[in-house]
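I have placed the structure first, in the form of structure tokens, so that the comments after it can refer back to it.
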Amino acid sequence: MYLPEVSSIDSAILFVNEALPEHRQLTKILRQRGCLTHATSGFHEAMSHIENAEPDLIVFDIDTLGVNAYDICIRIKATPKTRDIPIIFLGSSGSTEERNKVFASGGSDYISKPVIDHELHTRIATHLALRNLRRKLGQPENKRKNRRPEEQLRSVKKCVELQRDIEALRERNALLQCMVDSSTIGIVFWHLNGRLIEANGALLQMLELNREDVQSGRVNLLQLCVPEERLAMAQDLAAVVSGRRSPPCERQALRPDGSIIPILTGCACLDLDEALGVSFVFDLSNQKNMERKLLESKKQLRDLAAHSERAMEMERKRIAREVHDELGSQLMALKMNLDLLRRESDGPKENVPQRLDSMEHILSKAVRVMRQIATELRPAVLNMGFLASLEWLADSFRKYSSIPCSIKACGEVPLDEMRATALFRIVQESLINIARHAQASRVDIELSQNDKQIDLRITDNGQGFEPEKVGSQSFGLLGMVERLEVFGGKLVIDSARGRGTKLCITLPLGEPACSAS
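This note's numbering puts the first residue of the sequence shown at 2, with every later residue one more than the last.
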């Protein structure tokens, strides 16, 4: 691509309202290249300079001049002496409406902020070269005839190339602006002193900033850091100037409302201007929340595993104690009776019937103990159907706690052994919790089903509790959730202090699932 150089000959450039540091930096660069630059600070000063000095090119900043920029441009283009002066507008909006106003008022070009020095210099050089070509083309007829055809052809080609370069720069600027605005990662341009110049929509939304505050320079990069990290951020900025870029690191960003969010950010200086830099910011809030939930889930699993191990050990001890104390003592008594019966068989027979009655009583009691242990390990009533096992639980609960318990069901529900056992244990745990903690005077159980799932409701009128405060601390509730998640089921707890508790259990029908719904 052909990039013309700005010549110091006939290259007087006027900056209207030179208030921002980047303008002064550009002025300094153009002066180093031999250009004659001048700056004015207001409308009347600008018009006076234009009428008296007639610059070769004018640069307006819409953000500082506002509508006056359009008025000055219209006035310049309406004056025959100055109508050929190219005018470049700088603006932070970049909207189609602002661009249309620029070109409708007679502007030659529009550049979106943040301004890249090389791009602005290239456009200035292009418009100066075009103006020089127009001047040459506007020479008297006799002078033009003396020019060789080859020179005229080169001038036309150069004009075409310059126009092509202008269009290419416009397209590239529009493409870059679109890429920045559509990015889901926050992008912010800043000055070396920390003042923000421009930011895309993702960063404004992430940090809850106002675009006008950013463009007007009222937001500083250090203001967006928590106090304890501002010194480190200042050191990063200083390191970026010398090292050109800094590796991504985690920071804590401070929003205007005082809230703090975790971010991952990296920054670098622009290649063409060490006083300007860019930072890319990624919001880590969702990732940190997922990490926190994962840690909480791991802790719950560890606690639940430890609780299950303790419960299993206690169950082993209870069964061993039942077998040793109840069944063992009865079998020992039976053995002693047999020994006595053997001895008495040689003597009088009047004690034999009494001894046999005692042995029968001991055997009956041993059988009851064996049945009780077997029932607690795996109730035989489950073989009669889930509804029958539910009625057995309710009847046992009434006898144990003296609390009325009613069952409302549409009929037997077809359940495989695994699902029936899981629901049986959930109802059993619920009734135990009600008897221990609820202080209820009534319990209602409702069972229904459709083509896809089984719905079970367990309601009591007890004192209630706050699920969000108890959930992770109650291994009984965690156990219910774990049992249901095996089949893709769901447990919803509706409870509050003083208004009872309702457990809503949903269990899909079908093959057992390996993960939760």
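Here a beta-carbon is modelled for each residue, glycine too, at the ideal position from N, C-alpha and C.
At least 3 beta-carbon pairs within less than 8 angstroms: the region 63-75 vs the region 101-113
yes
Going by the beta-carbon positions, is the gap between Ile-51 and Cys-36 smaller than 7 angstroms?
no
Write down the C-beta distance between Ile-435 and Gly-463 rounded to the nearest angstrom, noting that I regard them as a contact closer than 8 angstroms.
7 angstroms
Where Phe-281 and Lys-102 are concerned, what is the direct C-alpha to C-alpha distance, given to the nearest angstrom?
32 angstroms
Could you check if Pro-248 is buried or exposed, using at least 16 other CB atoms within 10 Å of its CB as the buried criterion?
exposed
In chain order, each beta strand (DSSP E) run of at least 3 residues that lies wholly inside the region 162-220:
187-192, 197-200
Are the C-beta atoms of Arg-256 and some chain C residue less than 7 angstroms apart?
Absent from the structure is chain C; it holds one protein chain and no more.
Please report the straight-line C-alpha distance between Asn-201 and Arg-500, rounded to a whole angstrom.
51 angstroms
Ile-89 - containing beta strand (DSSP E), residue span
88-92
May I ask you to report which of helix, strand or coil DSSP gives Pro-513?
Any reading at Pro-513 must be qualified, since the residue scores a pLDDT of 45, below 50, and its modelled position is unreliable; the value itself is stated next. Three-state DSSP puts Pro-513 in coil, outside helix and strand.
Return the residue from the list Phe-488, Pro-263, Leu-177, Phe-466 that minimises the CA-CA distance to His-438.
Phe-466
Quick check: the Cα distance between Ala-395 and Arg-498, rounded to an integer number of angstroms?
25 angstroms
Would a C-beta distance cut-off of 7 angstroms place Leu-504 and Ser-442 closer than the cut-off?
no
Gly-95 and Asp-64 look like a contact to me (Cβ under 8 angstroms); what is the Cβ gap, rounded to whole Å?
Actually they do not touch by this definition, with Cβ atoms about 12 angstroms apart.
Which term fits Glu-316, buried or exposed, when burial requires 16 or more other beta carbons within 10 angstroms of its beta carbon?
exposed
Within 10 Å of its beta-carbon, does Thr-97 have 16 or more other beta-carbons around it, so buried, or fewer, so exposed?
exposed
How would you call Cys-179, buried or exposed, if buried means at least 16 neighbouring beta carbons within 10 angstroms?
exposed
Enumerate in chain order the residues of its own chain whose CB-to-CB distance from Leu-208 is below 7 angstroms, with the five nearest sequence positions on each side excluded.
Leu-225, Ala-254, Arg-256
What ranges does the alpha helix (DSSP H) occupy inside the region 235-273, keeping only unbroken runs of at least 4 residues that lie completely in it?
none
Going by other Cβ atoms of all chains shown within 10 Å of its Cβ, with 16 needed for buried, is Gly-490 buried or exposed?
buried
Mapping DSSP to helix, strand and coil, what is Ile-14?
strand
I believe Asp-57 touches Arg-132 by the beta-carbon criterion, under 8 angstroms. Please report the beta-carbon distance rounded to the nearest angstrom.
6 angstroms
Just to check my reading of the structure: Phe-16 and Ala-40 have Cβ atoms closer than 8 angstroms, yes? What is that Cβ distance to the nearest angstrom?
5 angstroms
List, from N- to C-terminal side, the alpha helix (DSSP H) runs of 4 residues or more that fit wholly inside the region 56-136.
63-66, 69-79, 97-105
Considering only the alpha carbon of each residue, which of Gln-440, Leu-457, Ala-421 lies closest to Cys-411?
Leu-457
By a C-beta neighbour count over all protein chains shown, 10 Å radius and 16 as the cutoff for buried, is Asp-258 buried or exposed?
exposed
Is Val-215 closer than 7 angstroms to Tyr-197 when the C-beta atoms are compared?
Checking the sequence shown, residue 197 turns out to be Leu, not Tyr. Against a cut-off of 7 angstroms, the Cβ pair of Val-215 and Leu-197 comes out as a contact.
Taking buried to mean at least 16 other C-beta atoms within 10 Å of its own C-beta, is Ala-54 buried or exposed?
exposed
I need the DSSP call for Glu-413, collapsed to helix, strand or coil.
coil
What do you reckon, are the CB atoms on Leu-205 and Arg-212 nearer than 7 angstroms?
yes
Which whole-angstrom value describes the C-beta separation of Leu-232 and Ile-264, a residue pair presumed to lie in contact below a C-beta threshold of 8 angstroms?
With 8 angstroms as the limit, Leu-232 and Ile-264 do not qualify as a contact, their Cβ atoms being about 17 angstroms apart.
Classification of Cys-250 by the beta-carbon crowding that lies within 10 angstroms, buried from 16 upward
exposed
Local conformation of Glu-467 per DSSP, three classes
coil
Test item: CB-CB of Lys-360 and Leu-335 under 7 angstroms
First, the residue type needs correcting, since residue 360 is Met and not Lys in the sequence shown. Yes; because the gap between Cβ atoms is below 7 angstroms, this pair is in contact.
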